[in-house]
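Residue numbers (UniProt numbering): 1 to 670.
For each residue, glycine too, the CB sits at the ideal point set by N, CA and C.
For reference, the structure discussed in these notes is given below.
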């Protein structure tokens, strides 16, 4: 026995067979009638429609057999599908390929076989229509033709379902093209349309015929044609096509923004595309950009027009409260204190709103450097001693991890601590303590602020970090809260790469916990940047003289306040504009320059002449960009810096200048 060979395209043939969906299905009259007719027509006891899968021949229709299938390796049909025409075995006992075949030597005792291949829609031979007899016999040419005709009938029935499904699928595709809100198309690789959905005519106003007779590039805006041509060329080269946008002209002359998703079959030369009309989206985006621009301009205006006078008011009130004009009567002293504290409250509110806007727009800059958290915590405690006294409370510092460092922006981290400490002090009972603690938790550092206040109500805890959220509106108003502090604090901690959470028990207290990764110095520390704040030095000692400082500031009130704040430190020479500053620098050498770099008209003060002449302290309504902050010797934001902080910064820098120049020039022109 010689087993049948496999067709050269066997994988493709098997796929075609599976697509028919006929294997192991119940008998069907449309095939049964053909095998009955064949048995009568050729007067044979057995007639079969046989389908061959990878291991068997399975009988879709049969006459004269009880079995449903046999092994493919012993089948006559396995040989028949290899033949281009009818395959005939006149006497199997005399044919060496079949003489010892079990189908010949045993049941059903085949002696004669005639089978014609039947094909799927893609011409793959999937089986046969065959005739079997238990006696040898001849098979005439006329009989061959008759069997071929019957096999053609089987093929029609075999593919009828596939054709029906194909027609249904085509109808569904055309219906989908018609009803889709997206602009579906099939085009050649040159962009010439071959089929279009009705959304094209609805969107652009052209008839389907008008669109089919012109290439896509003719509709494209002149400024977008080069990029569109390159996009089509990428597809023609078989490269993946990215999402793409361009403008196309409608029949009425209006321009429509289309956003494309497409794929290409280079072998077929076909471009399948889905375009979406995003004109309205583009209009809304343009409006949003305009709103953002207006918002930015508003923030800039608020920064300058509100912060500048408030800084002057706070500074003036601080000087009055400090006794610059002599001791005030108790009632007047109290009124000044109320005015100052409410001015500071308003400044904090403005700062919070502006910080929140900057964080949401991604414009808040962070200068990360490895800093000792214990030092920052100590600074925060010192800065809040006055507020703690006002609240009749105290702040205790507990350092369980002294010397531990984290990669933080020092100013921003101090802002985090200020928000948490001020909240804790604000809500602490009189005489109670607030504990600021630093400890290690695994590979992280935890900073905790623990109070013994009323605690946070369970019903409020889910909303505690939301903007403007307050647990008790009346109490918050009485305490001066805005509901922005914790929202800003969590955003700052997140930007620093840390986490913020809390634990609280009502009537017992609350602990807020900030966790940050601990920073460890690399083996080679030569390239670690020196923090900017290390440029400063200590307060000048006795006999250092009264240096003259240049103060560049357009606002007259701020000039007067700065002069009063520094009156026991230095003589302040005012300059109202860049020309006045340049003139003063030509006439005199200054050991230090204080400058507001935001001009009233919105521009920026050119700092190059100042930086070339002396160390510069930026005392501005805005925070400086990182590059500029690295060039100046100190950076103070008016709305955040107190009179004492300004005075201390100037003293430190003057001391540094005196160390560099042991004999500073006397006051007056050089």
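Report the partner residues of residue 518 according to the DSSP bridge assignment. For residue 518, which the question treats as bridged, DSSP gives the partners 406.
Confirm, please, whether the CB-CB distance from residue 510 to residue 451 is below 9 Å. Judged by beta-carbon spacing, residue 510 lies within the 9 Å limit of residue 451, meaning their Cβ atoms are closer than that value.
Could you tell me which of 512, 141, 609 sits nearest to residue 485, measuring between CA atoms? Minimum Cα distance to residue 485 is reached at 512.
Helix, strand or coil: which one does DSSP assign to residue 647? Residue 647 sits in a helix when the DSSP states are folded into three classes.
Can you name, in chain order, every residue of its own chain whose Cβ lies under 7 Å from the Cβ of residue 614, other than the five neighbours on each side? Taken in chain order, the residues that qualify are 590, 591, 592, 593.
Start-to-end residues for the beta strand (DSSP E) that takes in residue 456: Residue 456 -> no beta strand (DSSP E), and no H or E assigned at all.
Let me make sure I understand the geometry here. Which of 500, 416, 465 has the alpha-carbon closest to that of residue 444? Ranking the options by Cα distance to residue 444, first place goes to 500.
Same chain, Cβ closer than 6 Å to residue 407, five either side skipped, listed in chain order: Same-chain partners within the cutoff: 368, 370, 519.
Cβ-Cβ distance between residue 204 and residue 256 below 9 Å: Contact flag set, yes.
Answer with buried or exposed for residue 38, where buried requires no fewer than 16 other C-beta atoms within 10 angstroms of its C-beta. Around the C-beta of residue 38, 16 or more other C-beta atoms lie within 10 Å, and the residue is accordingly described as buried.
Can you give the beta carbon distance from residue 272 to residue 186, rounded, assuming they're within the 8 Å contact cut? Taking the Cβ atoms as the reference, residue 272 lies roughly 6 Å from residue 186, within the contact range of under 8 Å.
Can you find the residues in the same chain that come closer than 8 Å, C-beta to C-beta, to residue 400, ignoring five residues on each side of it along the sequence? Answer for residue 400: 437, 438, 439, 440, listed in chain order.
Going by DSSP, name the residue or residues bridged to residue 272. Looking at the DSSP assignment, residue 272 forms a beta bridge with 186, 263.
Paired residues, beta bridge with residue 115 - DSSP: For residue 115, the beta-bridge partners assigned by DSSP are 87, 130.
Could you tell me whether the stretch 220-228 touches the stretch 309-321, using the rule of 3 or more Cβ pairs below 8 Å? The stretch 220-228 is not in contact with the stretch 309-321.
Buried or exposed: where does residue 207 fall if 16 or more other Cβ atoms within 10 Å of its Cβ makes it buried? If you draw a 10 Å sphere on the C-beta of residue 207, you find fewer than 16 other C-beta atoms in it, and that means exposed.
Measure the C-alpha to C-alpha separation of residue 16 and residue 126 and round it to an integer number of angstroms. So the two alpha carbons sit approximately 8 Å from each other.
Measure the C-alpha to C-alpha separation of residue 403 and residue 640 and round it to an integer number of angstroms. Straight-line Cα distance between these residues: approximately 28 Å.
With 16 other CB atoms within 10 Å as the buried threshold, where does residue 633 fall? Taking a 10 Å sphere around the C-beta of residue 633, we find 16 or more other C-beta atoms and assign the residue as buried.
In its own chain, which residues sit with a C-beta less than 8 Å from the C-beta of residue 154, not counting the 5 before and 5 after it? If we look at residue 154 and ignore the five residues flanking it on each side, its Cβ neighbours are 31, 34, 49, 118, 129.
Let me know the beta strand (DSSP E) ranges lying completely inside the stretch 550-624, each 3 residues or longer, listed in chain order. If we require 3 residues or more, the beta strand (DSSP E) runs fully inside the stretch 550-624 come out as 571-575, 593-595, 616-620.
Going by beta-carbon coordinates alone, are residue 98 and residue 134 separated by less than 9 Å? No; because the gap between Cβ atoms is not below 9 Å, this pair is not in contact.
Could you pull out every unbroken beta strand (DSSP E) segment of at least 3 residues lying fully inside the stretch 373-422, listed in chain order? Listed in chain order, they are 394-399, 405-408.
Quick one: give me the first and last residue of the beta strand (DSSP E) that residue 139 is part of. Under the DSSP assignment, residue 139 falls outside any beta strand (DSSP E); it carries neither an H nor an E label.
Could you tell me the alpha carbon to alpha carbon distance between residue 90 and residue 110, rounded to whole angstroms? Looking at the two C-alpha atoms, the distance is approximately 10 Å.
Return helix, strand or coil for residue 446, following the three-state DSSP convention. Here residue 446 sits in strand by DSSP.
Which residues share a DSSP beta bridge with residue 635? Answer is 618, bridged to residue 635.
Could you tell me whether the Cβ atoms of residue 605 and residue 597 are closer together than 9 Å? Between residue 605 and residue 597, the gap from beta carbon to beta carbon is short of 9 Å.
Check whether residue 514 and residue 448 have beta carbons under 9 Å apart: The criterion of a C-beta distance shorter than 9 Å is satisfied by residue 514 and residue 448.
Report the rounded CA-to-CA distance for residue 454 versus residue 588, giving the unit in angstroms. Those two C-alpha atoms are separated by around 59 Å.
What's the call for residue 8, buried or exposed, on a 16-neighbour Cβ count within 10 Å? Per the 10 Å Cβ criterion, exposed.
Please name the residue in 199, 218, 194 whose C-alpha comes closest to that of residue 212. Put simply, of 199, 218, 194 the residue whose alpha carbon is nearest the alpha carbon of residue 212 is 194.
Taking a contact to mean a Cβ-Cβ separation below 9 Å, would you say residue 235 touches residue 262 in this structure? Yes, the Cβ-Cβ distance between residue 235 and residue 262 is below 9 Å.
Residues near residue 670 in its chain [Cβ-Cβ closer than 6 Å; skip 5 each side]: Because residue 670 sits at a pLDDT of 32, beneath the cut-off of 50, its placement in the model cannot be relied upon, and the following sentence gives the value as read from the coordinates. Only 588, 589 meet the Cβ criterion.
Along the chain, where does the alpha helix (DSSP H) that runs through residue 47 open and close? Segment 46-52 is the beta strand (DSSP E) holding residue 47; no alpha helix (DSSP H) there.
Neighbour-count burial assignment, residue 693, 16 or more Cβ in a 10 Å radius: What the structure shows of the chain is the stretch from 1 to 670, and residue 693 is not part of that stretch, so it cannot be assessed.
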